[in-house]
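In my numbering, the protein residues as written are 43 to 120. All residues carry an ideal CB built from backbone N, CA and C; glycine is no exception. This one's a predicted model, so the numbers in the text were calculated from it and none came from an experiment. For reference, the structure is listed below as structure tokens.
What follows is the structure in structure tokens.
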């Protein structure tokens, strides 16, 4: 069953910006925020990115430059 999240104390300017962005996207505020939260939690946390980098280092530096750059980009994007 779906759960409900509630955010208290949202400043007026933040609320207005969310409403405007939701309207621009043709979504309700709830659907807009659900999309944002879903996207956010689908990304690895910084701790997960760091652990992956450490795991690569423990393998004797077998990571390619492309792997290293991908991990760095992933960390910056999250």
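Tell me the rounded alpha-carbon separation between residue i and residue j.
i	j	result
residue 85	residue 116	9 Å
residue 59	residue 66	10 Å
residue 99	residue 83	26 Å
residue 101	residue 89	19 Å
residue 69	residue 79	14 Å
Quick check on the burial criterion: 16 or more other C-beta atoms within 10 angstroms. Buried or exposed for residue i?
i	result
residue 92	exposed
If you run the structure through DSSP and keep just helix, strand and coil, what is residue i?
i	result
residue 49	coil
residue 102	coil
residue 72	helix
What residues in its chain sit with their C-beta under 8 Å from that of residue i, if we drop five residues either side in the sequence?
i	result
residue 73	64
residue 120	85, 86, 87, 88, 91
For residue i versus residue j, is the C-beta spacing smaller than 8 Å?
i	j	result
residue 61	residue 52	no
residue 95	residue 113	yes
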